[in-house]
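Numbering (UniProt numbering), first residue to last: 1 to 248. Note that the Cβ used here is the ideal one computed from N, Cα and C, for glycine as well. Here the structure is laid out as structure tokens; the discussion comes afterwards.
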Amino acid sequence: MEFRLCPWNNITNPVTHECLNRRQLRLIDGTIRWYLPTNRTAAVGIHDFQVILPYDVLCEQCVFQWKYHAGNSWGVDEEGEGLGYGHQEEFYGCSDIAIQANNASNRPQSTTTQPETSTLTTQSNMTSTQPSTTTNVQPTTYKPPTPSTYTPPEPSTYMPPATSTAVTPAPTTTKPAAPSPPVIDCSKAVSGQVYFYTCTSFYRCVFAHPNPYIFDCPQGTVCASNGRCVHAFMVPPPCGNMDPNRKF
């Protein structure tokens, strides 16, 4: 740890390192550096220093600086290699101080003030007797409070007039019922031709076979009146949803 001093006397300008480096202070033992003890027990705690101030410096605003050069990292320099060598962390702190002449004329006159003393004397076993006094108390007559004659108001019988709200019934739409499956007579059908069976299926009769073959329309299609499976918008209700005014 090192200590420096700069007699700056100019609080409007920052102190420079050049000014601080001109006066590196010495400790009371004549050295310019203090080293932290290597013994861990001795290193921990508060350390007091006595620094010699320069005899030729008087100032109203001096900057006193301490610099601590740590040795916690491993490094290498011209002196060797190991813990504390090479570049290490450094910590700085500064304080504003004043150095004045050390003579009697500048010292304040000392005064001595004698404290004031007072003596308190007390006597024990002292008794005093107060004369007894008699006070005439006038009797008072109690008057009970007057009972209240407050009558609560009659409850209101007002009934608000009934209101009616007209409700418009929602329009109803009657959807035609799906046609029932027809009664199939293959004797009257053309062999191989398709015929409407339900909204989602059709049938076909095969020559010389009395029973029809029923087929389902693909998903997303409906059966038209001609037995073909088409989109729903191409078939009128009830099987489809074709607009009757639409023209193809």
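With H, G and I counted as helix, E and B as strand and the rest as coil, what does DSSP make of residue i?
| i | result |
| --- | --- |
| R40 | helix |
| L5 | strand |
| C62 | strand |
| H69 | strand |
| T122 | In this predicted model, T122 has a pLDDT of only 37, less than 50, meaning its place in the structure is not dependable; the value taken from the coordinates is given anyway. In the structure shown, T122 sits in coil (DSSP, three-state: anything other than H, G, I, E or B). |
| A232 | helix |
| S225 | coil |
| E90 | strand |
| S187 | helix |
| L25 | coil |
| L20 | helix |
| D216 | strand |
| S95 | strand |
| G82 | strand |
How big is the Cα-Cα spacing for residue i and residue j?
| i | j | result |
| --- | --- | --- |
| P218 | C229 | 7 Å |
| I214 | N245 | 32 Å |
| A98 | I46 | 25 Å |
| R22 | C6 | 8 Å |
| N102 | Y85 | 42 Å |
| T38 | Q65 | 24 Å |
| P54 | E2 | 15 Å |
| Y92 | Q61 | 19 Å |
| V235 | D243 | 9 Å |
| G75 | D29 | 30 Å |
| P179 | H209 | 26 Å |
| Q24 | R4 | 4 Å |
| C239 | Y195 | 15 Å |
| A43 | Y35 | 10 Å |
| S187 | A224 | 23 Å |
| N9 | K67 | 21 Å |
| R33 | V57 | 21 Å |
| P181 | N241 | 20 Å |
| D77 | N13 | 36 Å |
| E81 | T41 | 25 Å |
| F233 | G220 | 11 Å |
| C19 | T31 | 21 Å |
| H17 | E79 | 25 Å |
Measuring CB to CB, does residue i end up less than 8 Å from residue j?
| i | j | result |
| --- | --- | --- |
| L27 | F49 | yes |
| V206 | G227 | no |
| V183 | C199 | no |
| D185 | S201 | no |
| V15 | V51 | no |
Whose CA, out of the options, lies closest to the CA of residue i?
| i | options | result |
| --- | --- | --- |
| Q100 | S191, C59, Y35 and N241 | C59 |
| Y197 | P212, K188 and F91 | P212 |
| P176 | F233, A232, P237 and D29 | P237 |
| V190 | V235, Y203 and T41 | Y203 |
| G71 | E78, Q88 and E81 | Q88 |
| E90 | S187, E79, C19 and H69 | H69 |
| I11 | H231, V57 and S95 | S95 |
With a threshold of 7 Å, establish whether the CB of residue i neighbours any heavy atom of the ligand MG.
| i | result |
| --- | --- |
| Q65 | The ligand MG is absent from the structure shown, which contains no ligand whatsoever. |
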